[in-house]
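Peer 1: In my numbering, the protein residues as written are 38 to 287.
Glycine included, each C-beta is placed from N, C-alpha and C at the ideal position.
Nothing here was measured: the structure is a model prediction, and the numbers come from that model.
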């Protein structure tokens, strides 16, 4: 018979199971959700280790205290200069982790329950701007062939597929098949995949961009630093190009 001590799941195991079992297998969370939660927990563990004056692998579930997380949120705002929105995203990730811990390690139930006291910070809701399909086509025509190859390929792919910006962000080079039949595989919410055929002009734009980008990792669209282009990065590109073309996203 197992002793009580041997039945208690270690904190490192809780962290590992949260990502490998709960988020990936049970929740079928998207890659972006997993990465966002990973970053939040990584920062929290670093901060908690500094508070406890120990290595991160020596921490235990007692760090899931209101005071510790409140200290972490303050550190995000004051030291890292994070916005209220980012602060709230980190808090949401920690609450999700705490709910998981409470479900598999009930000895921490009360500690995790108290985290409900931590409320999200108030933040302004940004006005959402977007371009209609016809406006994207006008934009492609307006910028002409002299535009950056990445931006032309990005715009044509948006117009061709009607994809959400996040779906474009998530695209890897391996999601493209340009011959014999040109298609792109998009992954939407809930990891649902769909395949869209590509027009000849979209293929030409993508081939030109791929030749320019070279072998720089998996992400299809990269920023100036060679990293995956973000949603905000695409929004910035669209705003800049729309302004040049005299279009006004609504």
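1) Report the rounded CA-to-CA distance for residue 132 versus residue 152, giving the unit in angstroms.
2) Which same chain residues end up closer than 6 Å to residue 189 when comparing Cβ atoms and leaving out the 5 residues on each side of it in sequence?
3) With burial defined as no fewer than 16 other Cβ atoms inside 10 Å of the residue's Cβ, what is the status of residue 84: buried or exposed?
4) Considering only residues of the same chain and omitting the five flanking positions on each side of residue 203, which have a CB-CB separation below 8 Å?
5) In whole angstroms, give me the CA-to-CA distance for residue 225 and residue 198.
6) Using 8 Å for Cβ pairs, my map puts residue 80 next to residue 127. What's the rounded Cβ distance?
7) When the Cα of residue 301 is compared with those of 87, 91 and 94, which residue comes out closest?
8) Report yes if the C-beta distance between residue 223 and residue 214 is below 8 Å; otherwise report no.
9) Does DSSP classify residue 218 as helix, strand or coil?
10) Does DSSP classify residue 224 as helix, strand or coil?
11) Give the C-beta separation of residue 78 and residue 148 to the nearest angstrom, bearing in mind that I take them to be a contact with Cβ-Cβ under 8 Å.
Peer 2: Looking at the coordinates:
1) 7 Å
2) 242
3) buried
4) 69 and 268
5) 12 Å
6) 7 Å
7) The displayed coordinates of the chain run from 38 to 287. Any statement about residue 301 would go beyond what the structure contains.
8) no
9) coil
10) strand
11) So it is not a contact: roughly 16 Å between Cβ atoms.
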